[in-house]
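Residue numbers (the UniProt record's numbering): 1 to 180.
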């Protein structure tokens with residue numbers, strides 16, 4: 001059997017979702033919650049909060065902030081460069097000569113409008129009103145229900161992936177693909 005990890009464009013998206021899955025499962029079931037109370041954990045969270053200021057605002061968040069959630073968020077934000085890199089690397093399979101010719105033959109405007117429509121539909125759950133005592137039912141990142149938390153963090157991981165994909169597409173289109 002031939003090893004084909006990270007040999008296709010879709011492999012990088014699956015890599016991103018795999019990282020989210022591993023992070024969520026590890027932090028939920030295997031991470032020693034007592035360690036989050038230690039001075040080292042607080043130092044780690046404060047160091048990440050220098051780069052990601054939203055972690056400072058997390059302390060006033062409801063449900064009540066605990067050091068565990070600080071470590072959870074800080075460790076997730078340490079994975080963001082990998083999500084960005086995965087998005088950028090996935091574009092190296094996008095602009096081969098064959099796919100570039102296919103894009104030229106088809107209508108690029110249709111792809112752009114389709115992608116924008118997908119983004120608009122994808123963002124609807126972020127704007128749902130409060131329902132009972134459960135704010136933003138599809139996007140509760142602090143849920144105790146692991147599948148819901150993985151869905152919320154998966155959508156969060158897509159943002160740096162898409163940013164990396166956009167940067168990679170720009171690089172591939174305007175720098176590398178000039179010869180086509």
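Note that beta-carbon positions come from the ideal geometry of N, C-alpha and C, so glycine has one too. Owing to the predicted nature of the structure, the values given are computational and were not obtained by experimental measurement.
Quick check for students: name the residue ranges of the alpha helix (DSSP H) that lie wholly in the segment 15-83, counting only runs of 4 or more. 39-51 and 54-57
Taking all protein chains shown into account, do 16 or more other C-beta atoms lie within 10 angstroms of the C-beta of residue 23, making it buried, or fewer, making it exposed? buried
Name the residue from 159, 174 and 166 whose alpha carbon lies nearest to the alpha carbon of residue 17. 159
Expressed to the nearest angstrom, what Euclidean distance is found between the alpha-carbon atoms of residue 48 and residue 73? 9 Å
How about residue 55 and residue 45: are their beta carbons less than 8 Å apart? yes
Cutoff 7 Å; reference residue 163; Cβ partners in own chain excluding five residues on either side: 84 and 87
Cα-Cα separation between residue 188 and residue 152, rounded to whole angstroms: Absent from the structure is residue 188, since the part of the chain shown begins at 1 and ends at 180.
Please determine, among 50, 90 and 65, the residue with the shortest C-alpha to C-alpha distance to residue 167. 90
Please determine, among 67, 156 and 175, the residue with the shortest C-alpha to C-alpha distance to residue 40. 67
Cα-Cα separation between residue 61 and residue 69, rounded to whole angstroms: 10 Å
To the nearest whole angstrom, what separates the beta carbons of residue 9 and residue 93, a pair I think is in contact under 8 Å? 4 Å
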